[in-house]
Amino acid sequence: MTTTRVAAALPTSLTPARLARLAALVAAGAPAQRVTTTSPYTGASLADLPVSTPGDVEDAFARARAAQAGWAATPVADRKRIMLRFHDLVLQRQEEALDLMQAESGKTRRDAFLEVSDIAITARYYARSAQRLLSPKRRKGAIPVLTHTTELRHPKGVVTVISPWNYPLSMAAGDAIPALMAGNAVVQKPDTQTALTALWALALMREAGLPTDVWQMVIGRGSSIGDALMTGGDYMMFTGSTASGRQIARNAGERLIGASLELGGKNAMVVLADADVEKAAAGAVAACFPSAGQLCVSIERLYVADEIHDAFVTAFVERVRAMRLGAAYDFSMDMGSLTTPSQLKTVSSHVDDAVAKGATVLAGGKARPDLGPLFYEPTILADVTPEMTLFDHETFGPVASIYRYRSVDEAVAMANATPYGLNGSVWGRNGAEARKVAARLHAGTVNVNEAFAAAWGSIDAPMGGMGDSGLGRRHGGDGLLKYTETQTVAHQRLQGFTPPGRVEHEQWARILTRAFKTLRALGVR
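Position 155, counted from 1, in the sequence shown is what the numbering used here calls 142; the numbers after and before it change by one each time, with no gaps.
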């Protein structure tokens, strides 16, 4: 495996003064406790951040609620202009974001750039779609012509967003953008490890013209400020573990507020017998190892048709062994570091457990402390069996298990043999047949001849999980309208359902019955 040594120094763009300015955006009173984050590449100290108290969170919600009324009254066209300015700033200043994401998460610059692309697409889509999505809609009235019915959309109020560390720009800004475009205020808790990237997005949004209190960020452990985040908001947007998602769903249900939850996954890739082996092998690399496998929609299980299994494995292993693993603040690396010591511990324990129980390591299989404290080789395992932890538990790291199948029905059954249902991938030359297989997979998004970017990047289509992978959807109309309350306004004119004048109820019932039959005959809905 080709490797390079870890770069010791942070990029020159990440000056102490710049990092301090970002940290100052955290909603925390003075004097505040502080927390220090470290860079995964080297383990060296990176950021010194203030920690928000429950009282700070309550104050943030109070300010957000006061600001939200004015923001909701702001014409959508004005919100659009702010969002398009944000779009432009993200692209213009992307080098800052790329440096921050790499320094905080340890991912490659290639993977960081995908987040810049994602946020540009998301900002542009919702800026240009919000007016259509939010505009009043005429609905068919109870009585044709006489009932004028309109569906209105109102913002929820203040939305709580809890975003994870693995995709710090996509998950932070990507969920805030539609909530803001719908007229809500947002109070957000990004993960402390990657808070600087989220704060960078906040700074750019304010520079683009967003009023200061409309989007605020707090920092702290869930055990400390989680209750304040839950009780302060009118809607909850959460990305994280299934266990935490269940608790948030329970709390949201108790409060009778909505929640959208993107949770864990054990995503499968099915390689059909007619697949182009080389393209599928290259696709598998892209599917399994982005951000060192720390991606909710990355692939951890591969099911390969018996007819091409050996050829595919050979091609896949060859490509993985040729991957460049290391740290560089440029586009030269194929895979970077894990982000936290806990992730390294999980990955190591999953692989060690599998090997101890009989799994075969085809590539990788070990940590690389010579490159940095949190590096782990991209790993392929065969002969994985149900008693091994990683067989059906999410690893969330650069580890893929490969299996052989004899029929498509068998492949679908194995791919669906999981409580999760987030993402899937199907590879085959016959697109129509591959799409039929895709439709049989129990997953919220399925990509044909692609890993995950095709479905994720189709921003006009909903994205989310089935089963233990969550509820609710981001992207598309669903991704904005979930942050709104629907209201029906029905104006009854001239005559309603009560009898006019001196007409008796019995007679009126006969008249309405004849009217309903006539409407049925005319094909009126």
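Backbone N, C-alpha and C fix where the C-beta goes; we use that ideal spot for every residue, glycine too.
Rounded straight-line distance, which links the Cα of residue 391 to that of residue 436: Going by the C-alpha atoms only, they are around 19 Å apart.
8 Å Cβ cutoff met for residue 402 and residue 370: At a Cβ-Cβ threshold of 8 Å, residue 402 and residue 370 do not count as neighbours.
CA-to-CA distance, residue 221 to residue 280, given in whole angstroms: Rounded to whole angstroms, residue 280 to residue 221 spans 33 Å at the Cα level.
Identity of the residue in 321, 129, 287 and 262 nearest residue 94 by Cα: The shortest C-alpha separation from residue 94 is found at 321.
First through last residue of the beta strand (DSSP E) which encompasses residue 552: The requested residue 552 is not part of the displayed model; the chain covers only -12 to 512.
CA-to-CA distance, residue 450 to residue 466, given in whole angstroms: In a straight line, the C-alpha of residue 466 is about 8 Å away from that of residue 450.
Other residues of its chain near residue 205: CB distance less than 8 Å, five sequence neighbours each side excluded: Its chain contains 13, 14, 15, 39, 43, 44, 47, 174, 175, 176, 212 and 216 as the residues whose beta carbon lies nearer than 8 Å to that of residue 205, once the 5 sequence neighbours on both sides are disregarded; these appear in chain order.
Which residues DSSP lists as bridging residue 176, in chain order: Within the DSSP secondary-structure output, residue 176 pairs in a beta bridge with 149.
Exposure of residue 499, with buried meaning 16 or more beta-carbon neighbours within 10 Å: Label assigned to residue 499: exposed.
Segment limits, alpha helix (DSSP H) that includes residue 231: For residue 231, the enclosing alpha helix (DSSP H) has its first and last residue at 229 to 242.
Residue 409 beta carbon less than 8 Å from that of residue 452: A contact, by the Cβ cut-off of 8 Å.
Residue from 427, 112 and 208 with nearest C-alpha to residue 22: The candidate whose alpha carbon is nearest that of residue 22 is 208.
Cβ separation of residue 454 and residue 406, assumed to be a contact under 8 Å, to the nearest whole Å: 5 Å between Cβ atoms; contact.
DSSP-derived helix/strand/coil call for residue 77: Helix.
Continuous alpha helix (DSSP H) stretch holding residue 159: start and end: Taken as a continuous stretch (DSSP letters only), the alpha helix (DSSP H) holding residue 159 covers 157 to 168.
Neighbourhood of residue 331 by C-beta, 7 Å cutoff - its chain only, sequence neighbours within 5 removed: Within the same chain, residue 331 has close Cβ partners 325, 354, 361 and 363.
Own chain partners of residue 75 with C-beta closer than 7 Å, once the 5 adjacent residues on each side are dropped: Cβ contact annotation for residue 75 (same chain, cutoff 7 Å, sequence separation greater than five): none.
Contact check, residue 269 vs residue 306, beta carbons under 8 Å: Result yes, Cβ atoms of residue 269 and residue 306 sit closer than 8 Å.
DSSP state of residue 301 mapped onto helix, strand, coil: It is helical.
Start-end ranges of the alpha helix (DSSP H) lying completely within the region 318 to 345, minimum 4 residues: Entirely contained in the region 318 to 345, the alpha helix (DSSP H) runs reaching 4 residues are, in chain order, 328 to 343.
Sufficient close CB pairs (3 or more, under 8 Å) joining the region 284 to 302 to the region 56 to 76: Segments in contact, no.
Reduced DSSP category for residue 348 - H, G, I as helix; E, B as strand; rest coil: Here residue 348 sits in strand by DSSP.
CA nearest to the CA of residue 249, picked from 227, 263 and 470: Closest by alpha carbon: 227.
Own chain partners of residue 179 with C-beta closer than 7 Å, once the 5 adjacent residues on each side are dropped: Non-local beta-carbon contacts of residue 179 in its own chain, meaning distances under 7 Å to residues more than five positions away in sequence, involve 22, 24, 36 and 206 in chain order.
Contact check, residue 141 vs residue 478, beta carbons under 8 Å: Against a cut-off of 8 Å, the Cβ pair of residue 478 and residue 141 comes out as no contact.
Same chain, Cβ closer than 6 Å to residue 50, five either side skipped, listed in chain order: Apart from sequence neighbours up to five positions away, the residues of its chain that approach residue 50 with a beta-carbon distance below 6 Å are 200, ordered along the chain.
Closest by C-alpha distance to residue 99, when choosing among 184, 162 and 111: Ranked by Cα distance from residue 99, the first of 184, 162 and 111 is 184.
Distance CB(residue 156)-CB(residue 273) smaller than 8 Å: For the 8 Å CB-CB criterion, residue 156 and residue 273 do not form a contact.
Nearest-angstrom Cβ-Cβ length linking residue 244 and residue 387, presumed shorter than 8 Å: Actually they do not touch by this definition, with Cβ atoms about 38 Å apart.
Neighbour-count burial assignment, residue 119, 16 or more Cβ in a 10 Å radius: Answer is exposed; the Cβ neighbour count stays below 16.
Exposed unless 16 or more other CB atoms sit within 10 angstroms - verdict on residue 246: Result: buried.
Simplified DSSP assignment, three categories, for residue 447: In the structure shown, residue 447 falls within a coil segment according to DSSP collapsed to helix, strand and coil.
The region 256 to 271 / the region 227 to 238 touching (three or more Cβ pairs under 8 Å): Too few Cβ pairs lie closer than 8 Å, so no.
Integer-rounded CB distance, given that residue 92 should sit under 8 Å from residue 181: About 6 Å; that satisfies the 8 Å criterion.
Residues near residue 263 by beta carbon distance below 7 Å, same chain, minus five either side: 416.
Residue 276 vs residue 151 beta-carbon contact at 8 Å: Cβ atoms of residue 276 and residue 151: not closer than 8 Å.
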